[in-house]
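J.:
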Amino acid sequence: DYQLTPERLALAPAKALVMHPGPMVRGMELTSEVADSARSLVLEQVRNGVAVRRAILLRALGGRA
Numbered sequence: 006d007y008q009l010t011p012e013r014l015a016l017a018p019a020k021a022l023v024m025h026p027g028p029m030v031r032g033m034e035l036t037s038e039v040a041d042s043a044r045s046l047v048l049e050q051v052r053n054g055v056a057v058r059r060a061i062l063l064r065a066l067g068g069r070a
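Residue numbers for the sequence shown, in the working numbering: 6 to 70.
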């Protein structure tokens, strides 16, 4: 079982953060409690990932990012 639960996250150092590039299946990879916790950077990572992929695609097609 590879799901990150609050109990497993509690075993990590207090400064450890949760990241996931998405798409994420709530309840399978991460519990909703972990995904929505103060230690989660999931939304920021997804948001940044979209911008990075867009810039790479523009550059690959000859545009400017």
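We put the CB at the ideal spot given by N, CA and C, even for glycine. Note that the structure is a prediction, hence the values are computed from the model and not measured.
Where do the ends of the alpha helix (DSSP H) carrying Q50 lie?
T.: Element bounds for Q50: V47 to A65.
J.: Give me, in chain order, the residues of the same chain whose beta-carbon lies closer than 7 Å to that of P11; leave out the 5 immediate sequence neighbours on both sides.
T.: Closer than 7 Å at the Cβ level, and outside the excluded window around P11, lie T36, E38 and V39.
J.: Assuming V51 contacts P18 (C-beta within less than 8 Å), just tell me the rounded distance between them.
T.: With a Cβ gap of about 24 Å, V51 and P18 do not count as contacting.
J.: Pull up the distance between the alpha-carbon of V57 and that of L63, whole angstroms please.
T.: Between V57 and L63, the C-alpha separation is close to 10 Å.
J.: With 16 other CB atoms within 10 Å as the buried threshold, where does V30 fall?
T.: Classification of V30: exposed, given that the 10 Å Cβ count is below 16.
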